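Counting from 1 along the sequence shown, just add 25 to a position and that's the residue number in the numbering used here.
Ideal Cβ placement from N, Cα and C applies to all residues, glycine included.
No experiment lies behind these values; they were computed from the predicted model shown.
Single-structure report; data block below.
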Amino acid sequence: MVPVFSFMLGCGSDTTTTSTSSTGSSGAGSVSHSIPNDAHFETSPDTFNLDGTITNSQANISVYIADRFGNGNVLTGTKVTFYAESGATESSTATADAKGTATVIFRTQVPGPKSVAISSVANLFNGWRSQNLTEAQIMAALQTDYAGVDTAYHPRNGWGSVLVTVKGEEGFTDTNGSGGYDAGESFTDTIAEPFTDYNDNGQWDTGEYFVDLNANGTWDGAKNGIWDASTVLSREIKLIMSGTPQNILFNRTAPYTDAAFTVSAGNPKKLKVLVADANFNPLLPGTTVVVSATAGVLSDLAINTSRGTSSATGTTKTYTFPKDYLTGPVEIEFSISSGGTLGNGTVTVTVTHKTVTYSKQLTYTVS
26 MVPVFSFMLG
36 CGSDTTTTST
46 SSTGSSGAGS
56 VSHSIPNDAH
66 FETSPDTFNL
76 DGTITNSQAN
86 ISVYIADRFG
96 NGNVLTGTKV
106 TFYAESGATE
116 SSTATADAKG
126 TATVIFRTQV
136 PGPKSVAISS
146 VANLFNGWRS
156 QNLTEAQIMA
166 ALQTDYAGVD
176 TAYHPRNGWG
186 SVLVTVKGEE
196 GFTDTNGSGG
206 YDAGESFTDT
216 IAEPFTDYND
226 NGQWDTGEYF
236 VDLNANGTWD
246 GAKNGIWDAS
256 TVLSREIKLI
266 MSGTPQNILF
276 NRTAPYTDAA
286 FTVSAGNPKK
296 LKVLVADANF
306 NPLLPGTTVV
316 VSATAGVLSD
326 LAINTSRGTS
336 SATGTTKTYT
346 FPKDYLTGPV
356 EIEFSISSGG
366 TLGNGTVTVT
376 VTHKTVTYSK
386 QLTYTVS
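If you want it as structure tokens, here you go:
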């Protein structure tokens, strides 16, 4: 349920008091612990891509918590807190229900996502073009392959964070099966004050919001190297606030082309088109991309992501953007070969975003 972009942060103290209870009847026992455990803390928005062109585009953010034994039902009434970098949550807190689930509505509104520098941090776009590229590397590749790419616009300028916190204990591996943490067992050491990582570099920087637990006005959240039984755990969710399809670009690097071309028997032409908003982010869920050709044979439609849906009808190929988190710009590859209608033709990429259509064309000749 948790996508690539759900980062684990937390805070800790040196308190190590615990309270574990065991109840049972007729020889059948149940074990529970009355606070959330970091290893059993998960967040899941029902969409990762919201309409950044309007106010009040919404996502339901669900939070799932459980104790060290995986029991969610013992955490009824636990308070979960939310901090939005951009947009807003309709409540600053939500209370866990009888299943250990709490939900809040996030909505788009001012302020929008922050403008940030292009990142050279790895793992933010894991899998784009089947590689682990940084944002800087992706933008360099786009500048090479597509005309008119301006790196003043880049994906993270359209991202916003929601920081989710809950009081609990650090996760640990119960090697000896005692039901509690014992000295020498491995654990997840967490930072002392959760923060919103605006620039995605994995560390707190001046100007980034943080939970000032000791109220001293300074972020002092280094890991303490001690298993903490009483702490504040957190997750940071990255949401895309996407715009209209400002980028419909044909790849210009061989074997592709962004200019008029000729197709003959035994010599098909490969084409690749990038479809994205102004910041090269994926478009709103439900947005469709239709590729059509008036001459030759259109085939071999391939998308650089396994997410979303695609279909083919005759000489038309369609891709639909999903609610899932997509790591990097969407590229659609296809080919036109000789056959069918000969002569002059036009390949058209039509994007329907909400009720508005946008298109880009190339002309060619089939012999």
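Residue from the options whose Cα sits closest to the Cα of residue i
i: S384; options: T371, V391 and S392; result: T371
i: N182; options: V141, T169 and G204; result: V141
i: V88; options: K139, L188 and N241; result: L188
i: K342; options: N96, T373 and L149; result: T373
i: T101; options: A84, G112 and D122; result: D122
i: A166; options: V376, P354 and G364; result: P354
i: A91; options: N74, Y389, H65 and E115; result: H65
i: E194; options: S360, T200, V298 and I216; result: I216
i: S82; options: V376, L309 and T388; result: L309
i: I163; options: L387, N306, S363 and Q386; result: N306
i: Y350; options: V236, G333 and Y281; result: G333
i: Q156; options: N329, V381, T366 and S255; result: N329
i: N98; options: Q134, D283, Y206 and A127; result: A127
i: F286; options: T388, T312 and G152; result: T388
i: V252; options: P280, N226, A290 and T213; result: Note on identity: in this sequence residue 252 is Trp, with Val being the wrong assignment. The option with the nearest alpha carbon to W252 is T213.
i: A147; options: T72, N224 and S116; result: N224
i: N304; options: T72, T78, G311 and S59; result: T78
i: V381; options: S336, D325, G311 and T340; result: G311
i: K379; options: P61, S144 and L75; result: L75
i: V375; options: K248, N272 and G364; result: First, the residue type needs correcting, since residue 375 is Thr and not Val in the sequence shown. The residue with the shortest Cα to Cα distance from T375 is N272.
i: T198; options: Y206, L158 and N369; result: Y206
Span of the alpha helix (DSSP H), counted from its first residue to its last, around residue i
i: L75; result: Not the alpha helix (DSSP H): L75 falls in the beta strand (DSSP E), residues N74 to D76.
Opening and closing residue of the beta strand (DSSP E) in which residue i lies
i: L167; result: Careful: L167 lies outside any beta strand (DSSP E), inside the alpha helix (DSSP H) at E160 to D170.
i: S317; result: T313 to A318
i: N272; result: N272 to F275
i: E67; result: F66 to P70
i: E356; result: V355 to S362
i: F212; result: Here F212 belongs to no beta strand (DSSP E), and DSSP marks it neither H nor E.
i: I90; result: Q83 to I90
i: S324; result: V322 to I328
i: F94; result: First-last for F94: undefined, no H or E at that position.
i: T287; result: F286 to V288
Identified DSSP bridge partners for residue i
i: T375; result: V315 and S384
i: G185; result: L264
i: G370; result: Y389
i: V300; result: I273 and V355
i: S336; result: T343
i: T120; result: K104
i: T114; result: F131
i: K295; result: S360
i: N62; result: E194
i: A109; result: V187
Per-residue DSSP class, three states only, for residue i
i: T153; result: Note on identity: in this sequence residue 153 is Trp, with Thr being the wrong assignment. If DSSP states are grouped into helix, strand and coil, W153 belongs with the helices.
i: L309; result: coil
i: T390; result: strand
i: P347; result: coil
i: V135; result: coil
i: T40; result: In this prediction, T40 scores a pLDDT of 34, lower than 50, which makes its location untrustworthy; the coordinate-derived value is nonetheless stated afterwards. Three-state DSSP puts T40 in coil, outside helix and strand.
i: L100; result: helix
i: D222; result: coil
i: S47; result: Any reading at S47 must be qualified, since the residue scores a pLDDT of 37, below 50, and its modelled position is unreliable; the value itself is stated next. Residue state, collapsed to three classes: strand.
i: F235; result: strand
i: A53; result: Its pLDDT being 43, under 50, A53 is placed unreliably in this model, and the value from its coordinates should be taken loosely. It is a strand residue.
Cβ distance (whole Å) where residue i is taken to contact residue j below 8 Å
i: E110; j: S186; result: 4 Å
i: F220; j: E210; result: Contact flag wrong, Cβ pair sits at about 28 Å.
i: F150; j: T390; result: At roughly 37 Å, the Cβ-Cβ gap does not stay under 8 Å, so F150 and T390 are not in contact.
i: T68; j: I86; result: 6 Å
i: F131; j: G112; result: 6 Å
i: E218; j: L238; result: 5 Å
i: I361; j: L296; result: 7 Å
i: K348; j: T72; result: 4 Å
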